[in-house]
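In the working numbering, the protein residues as written are 12 to 281.
Glycine included, C-beta positions come from ideal geometry on N, C-alpha and C.
Data block below; observations after.
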Amino acid sequence: MPELPEVETTKIGITPWVVNKEITDVIIREKRLRYKIPGNIKKQLINKRIISVKRRAKYLLINFSHGSAIIHLGMSGSLRIIKTNEPARKHDHFDIVFIDDTALRYRDPRRFGAFLWSENPLSHRLLIKLGQEPLQEKFTGEYLWKEAKNRRITIKQFIMNANIVVGVGNIYASESLFLAGINPNRKANRISKKRMEGLVQAIKLILNDAIKAGGTTLQDFYMSDGSAGYFKQKLKVYGREKHPCVSCKFPISMKVIGQRSTFYCKKCQS
DNA sequence: CTAAGGACCTGTCGGC
DNA sequence: TGCCGACAGGTCCTTA
12 MPELPEVETT KIGITPWVVN KEITDVIIRE KRLRYKIPGN IKKQLINKRI
62 ISVKRRAKYL LINFSHGSAI IHLGMSGSLR IIKTNEPARK HDHFDIVFID
112 DTALRYRDPR RFGAFLWSEN PLSHRLLIKL GQEPLQEKFT GEYLWKEAKN
162 RRITIKQFIM NANIVVGVGN IYASESLFLA GINPNRKANR ISKKRMEGLV
212 QAIKLILNDA IKAGGTTLQD FYMSDGSAGY FKQKLKVYGR EKHPCVSCKF
262 PISMKVIGQR STFYCKKCQS
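Take a look at the structure:
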């Protein structure tokens, strides 16, 4: 799935197709996502008009005057706009149908995603404890450094902790640490404020680049119009075990950290 | 409180 | 060709 850039790309892709549209139906074919789709969601959406689409962390918020639908894409989810006469395929779990015979269709083979309703989504239990947005000004080296003071976990696990900073998934964690020259095995509380500042800049740059490129496509993500993103070719370490480092030619290493594959250059990252 | 590991699911790929 | 295990972009929950 979708790391933050893909979610942002999805938000941008669907917004012009859904904002100001009136919903005529919500078709639910499979309610067993990560959480059971609540029974009242149809009632909350039908005959209502979408005001805006926002993003908090990797959650998409479909905003109405009386509350918000919360959508998460999990590992394998995607959203796209369809014509209502397009037959549903396997794993197309729900459609939000609009008055003009288009629909927002959600597909998620692994069903790790979510479709929820909240009158006040930012206070929802899944969102209330989330940390800083990486692309906003309050995400600084100073902030990261202070938060890391009592943390003995690796820096890679630290930046993937959504209670600290949101939106840094497994791909971009490796990519950001490579760009910052920091070894992913290093303990979070053993990194200077100066290097934390470099890491923050690296994260912002990597995520912005990926958003500009339209998001990374590996297997499951398609932009809402169905065409593939193309950031994959810009990855410098992720998925490149044994391939030469783009900077020094030394073979890229792979190690499992916190149950996730981690890629890095032993010569360039300390 | 922090940290570690399991859990949730299906599809795909490599090896034999 | 067929089967089997390993692995995949997330993140919550339980246990220590």
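Proximal residues to residue i (C-beta, below 6 Å), its chain only, five neighbours per side dropped
| i | result |
| --- | --- |
| Asn257 | The question names Asn, but residue 257 in the sequence shown is Val. Within the same chain, Val257 has close Cβ partners Lys247. |
| Lys266 | Thr273 |
| His77 | none |
| Arg197 | Ile166 |
| Arg60 | Glu33 |
| Lys42 | Ile48 |
8 Å Cβ shell around residue i - same chain, five flanking residues per side excluded
| i | result |
| --- | --- |
| Asp119 | Leu44, Leu84, Gly85, Ser87, Gly88, Ser89, His102, His104 |
| Lys204 | Gly152, Glu153, Trp156 |
Rounded C-alpha distance that separates residue i from residue j
| i | j | result |
| --- | --- | --- |
| Glu33 | Gly250 | 43 Å |
| Ile182 | Leu15 | 10 Å |
| Lys278 | Lys160 | 26 Å |
| Gly152 | Met207 | 5 Å |
| Lys186 | Lys245 | Here residue 186 turns out to be Glu, not Lys, going by the sequence shown. Spanning the two alpha carbons is a distance of roughly 10 Å. |
| Gly50 | Ser129 | 13 Å |
| Phe232 | Ile164 | Unreliable placement is indicated for Phe232, whose pLDDT of 43 sits below 50; no coordinate value is reported for it. |
| Lys22 | Val64 | 7 Å |
| Thr20 | Ile92 | 14 Å |
| Lys94 | Lys157 | 50 Å |
| Ser238 | Ile202 | Note that Ser238 scores 49 on pLDDT, short of 50, meaning its location in the model is unreliable and no value can be drawn from it. |
| Ile268 | Arg116 | 35 Å |
| Tyr275 | Asn31 | 45 Å |
| Trp28 | Gln55 | 20 Å |
| Ala221 | Leu127 | 28 Å |
| Glu148 | Glu97 | 43 Å |
| Phe261 | Asn131 | 50 Å |
| Lys253 | Ser264 | 6 Å |
| Ile170 | Arg271 | 13 Å |
| Phe109 | Ile139 | 30 Å |
| Gln212 | Asp112 | 44 Å |
| Ile200 | Phe123 | Residue identity differs from the one stated: residue 200 is Asn in this sequence, not Ile. One C-alpha to the other measures close to 32 Å. |
| Gly46 | Arg121 | Gly is not the amino acid found at residue 46; the sequence shown has Tyr there. Their Cα atoms are separated by approximately 13 Å. |
| Cys259 | Arg136 | 45 Å |
Contacts around residue i, its chain only, beta-carbon distance under 7 Å, and the 5 residues preceding and following it disregarded
| i | result |
| --- | --- |
| Lys173 | In the sequence under discussion, the amino acid at residue 173 is Ala, which differs from the Lys named in the question. Answer for Ala173: Ala68, Leu141, Gly142, listed in chain order. |
Rounded distance between the beta-carbons of residue j and residue i, thought under 8 Å
| i | j | result |
| --- | --- | --- |
| Asn219 | Leu155 | Not really, about 18 Å apart at Cβ, beyond 8 Å. |
| Ile52 | Val37 | 7 Å |
| Arg40 | Ala80 | About 17 Å; that fails the 8 Å criterion. |
Residue i and residue j closer than 8 Å at C-beta
| i | j | result |
| --- | --- | --- |
| Thr35 | Ile62 | no |
| Ile214 | Val179 | yes |
| Ala114 | Ile82 | no |
| Val18 | Leu72 | no |
| Ser134 | Asn194 | no |
| Leu190 | Leu216 | yes |
Those runs of the beta strand (DSSP E) which lie wholly inside the segment 120 to 151 and span at least 3 residues = 125 to 129
Secondary structure, alpha helix (DSSP H): runs of 4+ residues fully inside the segment 173 to 228 = Taking only runs of at least 4 residues, the alpha helix (DSSP H) segments lying wholly in the segment 173 to 228 are 181 to 191, 204 to 223.
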